Structures are given as structure tokens and as C-alpha cells.
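Each residue of the sequence shown is one higher than the one before, counting from 423 in this note's numbering. Every residue, glycine too, gets a C-beta built ideally from N, C-alpha and C. Fair warning: this is a prediction, and the values are worked out from it, not measured in the lab.
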Amino acid sequence: MKTLVLDLDETLIHSLSRHNSSILTKNKGVTLEIKVNNNSLPTLYRIYKRPYVDEFLNIVKHWFNLVCFTASIKEYADPVLDYLEAEVLSKDKTANSRTPRKKLFSQRFYRNACLFVDGKGYVKDLGVLVGQPVSRDVTGGSVSPDLAPLSSSGTLVNSPSSSSSSSSNTGSTGTPPSSDRCERSRSRSRSKTRNVTNDLSKVIIVDNSPVSYSFHKENGIMVEGWINDPDDMELMNLLPLLNSLRFTSDVRNVLSLKIGQSAFRE
Ligand SMILES: [Mg+2]
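What follows is the structure, encoded as C-alpha cells:
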């Protein structure tokens, strides 16, 4: 079975952070209280699900090994993913109450599995899925300064997800003070995740930000970023392509054709 890697923010959900709960009185969405830093007050996030996200995930979970890979930090992403998983699995009509439910995402990857590239932001290292992380040399020697999640609650509150809006980190050069922790963190990540798959020919990543998969362009499918369009059909429109990729020996042979098409348009 192939592995489908899904981005979280603006691909599956959209979230807004608010310190003031009094304004969170809308009907739609759900409010989660997320504590990013032990020394700070919890931040309230309003989470909005993309249209058809439950249906989409309940279909593709039968087709692929699902993995979530977000550039957000674990403290933010885990509560959001726990909520999303519960929502999706509660709507699974095929579930048998006698058999224990499988987790939706077999694994979760966070910012600490990304590499920070100057001028780009956080790039997801799909190499961690196959035990072959991208070399630091490839990135110009710049490793994410924010591999230690507790060091940057401010970054999270302002931009929980985006690789492109992490300007507060872009000025950092050289070795960050937390680099030892970063490396340990990455090592842990690697050792835990060695067996997701062993071959990038069987890995697809769906993300609203091409920067996120710029080390592995041939594995990527870009979707329109979603914020609040109630008529959005992007996830359902992905199904025919994803269905065909199940039967492709090397997904990169198909997905690289899209890169060629965009080259012709330019
Ligand atoms: Mg995203």
C-alpha cells in the first residue's frame, strides 16, 4: 500500500487563534484550547474543517497508509489532529463496532521533521519517511532554528502552520542555540519513523504550499489553500487522480508530468 502524506493547515482545516474567548461565538467550527508553552496562557483556536474533509479521509484511508505532515509544532497540531480524527472516524459508515477502530493517521510529523531554508521557510523532509533524510548540505547548511517547540510560542500564535509566514524566524542564521536539541529531536523522529515505507516511489504528498515539498517536487500534488469557501470541492476533485496513483508503479512518473505542464505554461 502506498503512503499518502497530507498537510494540515489550509489543506484539511483552517484555524484562527484568539486570546479572547468572547469573540468565539460563531456557530461553525469548534474551539480548542491549546497550551503551547507551560508558562503561557492557553490559546484558543477556532478550527474550521474544509468542505468534504470527513468524506475525503474516510475514502482515502482505505486506499493509502495515511500520514499527516505539518510544518506546525506538535503542541498545536496534536489537539487539532485528535479532533479531526475523532470527527472523521465517527462518520465512518463502514466501521464495525466489534472491531477496534484503526487510527486515521498511522504517523504524524511536525515542524521538527522540516528543514528551515533561508528565503523559503519550512520544507518538509519526506526523506524521514524512508530513513533517508535530506542532507543539511542540500539546504545550504541551514537547519530549522525552531526544532525545539517550546522556544517559540509567539511564532505559533501568529502562524501555527505556514512555512511562508514564518518571517520571525527568517532572520536567524548560523547555529541556533538549541541545535543539539534539534538534532536529538530529528534523530528521534528518524528512528521512530523508519518503517513508514521504504521507497519514495510510493509516497504522495498533498499540500497547499509547493515550498513544503520542494525537495520532492515529483511526489507532490498542490491543492488550493482553503480558508472559508463553503463551495470548495478541491478534496473531492483529488479522488480520481489519487485513485489512479494507487495502481501506478512509481507515482513520480505521473506527478512529474504536472511539473512539465506548468513549465509549458510559463
Ligand atoms: Mg498548509
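The beta carbon of residue 654 sits closer than 7 Å to those of 472, 473, 648, all from its chain and outside the five residues before and after it, given in chain order.
When the Cα atoms are used, residue 677 and residue 470 turn out to be separated by approximately 29 Å. Sequence-distant partners of residue 641 (beyond 5 residues in either direction) whose C-beta falls short of 7 Å from its own C-beta, in its chain, are 548, 622, 625, 626, 627, 635, 673, 674, 677. Checking the DSSP bridge columns, you'll see residue 455 partnered with 466. Contact annotation: residue 466 and residue 501 have beta-carbon atoms that are not nearer than 9 Å. Not one heavy atom of ligand 1 falls within 8 Å of the beta-carbon of residue 508. Within the chosen limit of 8 Å, ligand 1 reaches the beta carbon of residue 631 through at least one heavy atom. For residue 552, the closest C-alpha among the options 539, 543, 434, 535 is that of 535. Here the distance from the Cβ of residue 647 to the nearest heavy atom of ligand 1 is below 8 Å. In the DSSP annotation of this structure, residue 478 is not part of any beta strand (DSSP E); the continuous alpha helix (DSSP H) holding it starts and ends at 475-482.
Secondary structure of residue 544 (DSSP, three-state): strand. Between residue 629 and residue 546, the gap from beta carbon to beta carbon is short of 9 Å.
Beta-bridge analysis with DSSP links residue 529 to 489. With respect to the C-alpha of residue 451, the residue from 668, 665, 464, 650 having the closest C-alpha is 650.
Your pair residue 530 and residue 503 checks out as a contact, with CB atoms roughly 6 Å apart and the cut at 8 Å. According to DSSP, residue 629 shares a beta bridge with 644. Here the alpha carbons of residue 499 and residue 660 stand approximately 23 Å from one another. Shortest Cα-Cα distance from residue 665 to any of 479, 456, 457 involves 479.
Residue 431 is bridged by DSSP to 435. Residue state for residue 674 is assigned as helix, using DSSP reduced to three classes. The Cβ atoms of residue 526 and residue 511 lie closer than 9 Å to each other.
Residue 424 is not bridged by DSSP to any residue. As DSSP reads the structure, residue 537 sits in a beta bridge with 545. The beta carbon of residue 483 sits closer than 7 Å to those of 526, all from its chain and outside the five residues before and after it, given in chain order. Assignment of residue 471 by DSSP, reduced to helix, strand and coil, places it in the strand class.
According to DSSP, residue 440 shares a beta bridge with 466.
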